[in-house]
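Student: The sequence shown begins at 10 in the numbering used here and counts up by one.
Idealized CB from N, CA, C, for every residue including glycine.
My questions will all concern the structure given below.
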Amino acid sequence: MLPLHFTHEAHPARVVFGDGCRRRLAEEVDRLGVERALVIASPRLGAEVGAILGTRAAVTIGGGVMHVPVEIAAAAIATAAEAGADGIVAVGGGSAIGLAKAVARAGGLPILAVPTTYAGSEMTSIWGQTEGGQKRTGRDERVRPKTVLYDPELTDALPAELAAQSGLNAVAHAMEALYSPKPDPVIALLAEEAVAALARALPPVVADGPARERSGLRDALYGAWLAGVCLDRATMGVHHKLAHVLGGSFGLPHAAVHAVILPYTAAFNRDAAPEAMRRLARALGAGVLEAPAALFALGRRLQVPASLAAIGMSREALERAAELATQSPYDNPRPVDRAGVRALLEEAFAGLVPGTRGSL
């Protein structure tokens, strides 16, 4: 259904998509006018990037730490300044790209991103840093990558477990865009297509042996790209707020948190966002299942952790997590109250079928 009023605002980056496109790095760095790049990548990928860029790679540092601790960011900023870097090449997942954003925010350097997971950060102006056990986020156009190279070959190295978790993280971006308080029919189309592509691609991607199809790698990365565009336009609802709290304040792994809580945050908002849930269920090919149950079933099919307990959350911490998640108001279809969030966390902690109080 077309909204009565909407505003669409595009924030384009140059996107290059295709197997082996990372080999065009030198050409794309030249297009940005970068002569001395700070390379942020793992040792293996850093060596490959260095070989491609040659003297354009001024200095290489590791691929970052989850949630970008301020101390790690400060060290990277200092390294970039000492090297006289005039641009950043970030190759990796959300941690590498998040660290690149911290450097860009401090010095205004352009970013060329080569994502190797489905995190989606490469398509946004959103930054995040952790200090004193709490994660802060914001938006700043200086941190939006100018160019993004999507090379499905690089995602072939993703362990099945991480591919599944990262893919469900991308589904969460699309879900929150579908029930954003600022409707946008273009973003809604992208969100539905993103979920459909990811739901179709992830099962073969996480399969072992020859069942891990090359076409699945392409489709999953395509879906993640679209989900990243959605993330850029969506406001933070209960899902992303909880993910930031559980990761930034309790040290839980970022992608795993998204994968575990996704069906529960969908259930929390189900009755307040019926059109979003209808589109989400359709994209999932859910049949008679509602969206939260379909997401739960997809998680079981992908063999992601079934509960917060399974990824290291303690029951004693649930009350504190509910308190932190409800300290400040934010946009969400259903009012975010402490009792409701506490109940959501209880179900997610136990791994119950969302909204039923029963186990699978």
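#1: Short of 8 Å in beta carbon distance, which residues of its chain neighbour Ala9, apart from the five on each side in sequence? Order them along the chain.
#2: Please return the same chain residues whose Cβ sits closer than 8 Å to the Cβ of Arg45, not counting the five positions on each side in sequence.
#3: Let me know the secondary structure DSSP gives Val48 once reduced to three states.
#4: Using CA coordinates, which residue listed in Glu355, Leu307, Pro342 and Ala330 is at the minimum distance from Gln143?
#5: Taking DSSP as the reference, what is the three-state secondary structure of Tyr188?
#6: Assuming Val247 and Val345 form a contact by the criterion Cβ under 8 Å, report the distance between their Cβ atoms to the nearest whole angstrom.
#7: Determine the closest residue to Thr335 out of Leu353, Met322 and Ala319, with distance taken between C-alpha atoms.
#8: Mind checking whether Leu289 and Met184 have CB atoms under 9 Å apart?
#9: Going by DSSP, name the residue or residues bridged to Lys144.
#10: Excluding sequence positions up to five away, which residues of its chain have a Cβ less than 6 Å from the Cβ of Leu163?
#11: Pull up the DSSP beta-bridge partners for Ile106, would you.
#12: Inspect the CB distances between the region 199-211 and the region 228-235 and report whether three or more fall short of 8 Å.
#13: First and last residue of the beta strand (DSSP E) that includes Ala67?
#14: Might you give, ordered along the chain, the residues of its own chain that have their beta carbon closer than 7 Å to the beta carbon of Glu202, omitting 5 neighbours on each side?
#15: Which residues does DSSP list as the beta-bridge partners of Tyr339?
#16: Between Ala56 and chain B, is there a C-beta pair that is closer than 9 Å?
#17: Who are the Cβ neighbours of Leu271 in its own chain at under 6 Å, not counting the five residues just before and after it?
#18: Taking its Cβ as the centre, do 16 or more other Cβ atoms sit within 10 Å of Pro154, making it buried, or is it exposed?
#19: Who are the near neighbours of Gly147 in its chain, counting only those whose CB is closer than 7 Å to its CB and skipping five residues on each side?
#20: Can you tell which of Ser189, Ala216, Gly360 and Leu317 has its C-alpha closest to the C-alpha of Ala282?
#21: What number of angstroms, rounded off, separates the C-alpha of Gly72 from the C-alpha of His14?
#22: Could you check the C-alpha separation between Ser258 and Leu251 for me, to the nearest Å?
#23: Which whole-angstrom value is the C-beta distance of Ser316 and Val269, which I expect to be below 8 Å?
#24: With DSSP run on the structure shown, which of helix, strand or coil describes Arg23?
#25: Here's the rule I'm using: 16 or more other beta-carbon atoms within 10 Å means buried, otherwise exposed. How should Ala220 be labelled?
#26: Have a look at Leu41 and Gly260 and give me their C-alpha separation to the nearest angstrom.
#27: Got a sec? Which residues, its chain only, sit under 7 Å from Ala105 by beta carbon, not counting five neighbours each side?
#28: Please report the residue range of the beta strand (DSSP E) in which Tyr231 lies.
#29: Mind checking which residues open and close the alpha helix (DSSP H) that includes Val74?
#30: Exposed or buried, Leu307, counting other C-beta atoms within 10 Å across all chains shown (16 or more means buried)?
#31: Between the Cα of Glu355 and those of Leu171, Ala109, Ala186 and Thr274, spot the shortest distance and give me the residue it belongs to.
#32: Does DSSP put Ala274 in a helix, a strand or coil?
Tutor: According to the structure shown:
#1: Because the chain in this structure spans residues 10 to 369, residue 9 falls outside the shown range and cannot be described.
#2: The residue labelled residue 45 in the question sits at position 36 within the sequence shown. Hits under 8 Å: Arg65, Ala67, Ala92, Gly93, Ala94, Asp95 and Gly96.
#3: Residue numbering aside, residue 48 sits at position 39 when the sequence shown is read from its first letter. Val48: strand per DSSP, three-state reduction.
#4: In the sequence shown, counting from the first residue as 1, residue 143 sits at position 134. Nearest in C-alpha terms to Gln143, of all of Glu355, Leu307, Pro342 and Ala330, is Ala330.
#5: Within the sequence shown, numbered from 1, the residue matching residue 188 stands at position 179. Tyr188: coil per DSSP, three-state reduction.
#6: The count along the sequence shown starts at 1 and reaches residue 247 at position 238. The count along the sequence shown starts at 1 and reaches residue 345 at position 336. That pair is a contact at about 5 Å.
#7: Here the question's residue 335 lines up with position 326 in the sequence shown. Answer by Cα proximity: Leu353.
#8: Translated into the one-based positions of the sequence shown, residue 289 becomes position 280. Translated into the one-based positions of the sequence shown, residue 184 becomes position 175. Their beta carbons are under 9 Å apart, which means Leu289 touches Met184 by this criterion.
#9: Here the question's residue 144 lines up with position 135 in the sequence shown. Answer is Thr139.
#10: On the sequence shown, position 154 is the one that residue 163 refers to. Around Leu163: Thr125.
#11: Taking the first residue of the sequence shown as position 1, residue 106 is located at position 97. According to DSSP, which records beta bridges pairwise, Ile106 is partnered with nothing at all.
#12: Touching, yes, given that three or more Cβ pairs across the two stretches are closer than 8 Å.
#13: Looking up residue 67 in the sequence shown gives position 58. Ala66 to Ile70 is the span of the beta strand (DSSP E), which, as asked, contains Ala67.
#14: As a first step, residue 202 is located in the sequence shown; it is residue number 193 there, counting from the start. These residues qualify, in order along the chain: Leu235.
#15: The count along the sequence shown starts at 1 and reaches residue 339 at position 330. In DSSP, Tyr339 forms no bridge with anything.
#16: Within the model displayed, chain B is absent; a lone protein chain is all it includes.
#17: Mapped onto the sequence shown, residue 271 falls at position 262. Here the set comprises Leu177, Ala181 and Leu304.
#18: Within the sequence shown, residue 154 is the residue found at index 145, counting from 1. By the 10 Å Cβ count, Pro154 comes out buried.
#19: Within the sequence shown, residue 147 is the residue found at index 138, counting from 1. The answer, listed in chain order, is Trp136.
#20: Mapped onto the sequence shown, residue 282 falls at position 273. Minimum Cα distance to Ala282 is reached at Ser189.
#21: Mapped onto the sequence shown, residue 72 falls at position 63. Mapped onto the sequence shown, residue 14 falls at position 5. Those two C-alpha atoms are separated by around 42 Å.
#22: Position 249 of the sequence shown, counted from the start, is the residue given in the question as residue 258. Position 242 of the sequence shown, counted from the start, is the residue given in the question as residue 251. Each residue's alpha carbon lies about 10 Å from the other.
#23: Sequence index remark: in the sequence shown, residue 316 carries index 307 (1-based). Sequence index remark: in the sequence shown, residue 269 carries index 260 (1-based). Taking a contact as a CB-CB distance under 8 Å, the pair Ser316 and Val269 counts as one, their CB atoms being some 6 Å apart.
#24: Numbered from its first residue, the sequence shown carries residue 23 at position 14. Three-state result, Arg23: strand.
#25: Counted from its first residue, the sequence shown places residue 220 at position 211. Summary for Ala220: the model assigns pLDDT 49, below 50, so the residue's position carries little reliability; its value from the coordinates is reported in the next sentence. It counts as exposed.
#26: By 1-based counting over the sequence shown, the position of residue 41 is 32. By 1-based counting over the sequence shown, the position of residue 260 is 251. Cα-Cα distance, rounded: 36 Å.
#27: The count along the sequence shown starts at 1 and reaches residue 105 at position 96. Excluding positions up to five away in sequence, the list reads Ile49, Ala50, Gly72, Gly73 and Ala99.
#28: As a position in the sequence shown, residue 231 is number 222, starting the count at 1. Note, Tyr231: premise wrong, no beta strand (DSSP E); alpha helix (DSSP H) at Arg223 to Arg242.
#29: The sequence position of residue 74 within the sequence shown is 65, counting from 1. Run containing Val74: none; DSSP gives neither H nor E here.
#30: For the purposes of this step, residue 307 is identified with residue 298 of the sequence shown, where counting begins at 1. Around the beta carbon of Leu307, 16 or more other beta carbons sit within 10 angstroms, so the residue counts as buried.
#31: Along the sequence shown, read from residue 1 onward, the residue named residue 355 stands at position 346. The candidate whose alpha carbon is nearest that of Glu355 is Thr274.
#32: For the purposes of this step, residue 274 is taken as residue 265 along the sequence shown, with counting starting at 1. For the record, residue 274 in the displayed sequence is Thr; it is not Ala. Of the three classes helix, strand and coil, the one that applies to Thr274 here is helix, per DSSP.
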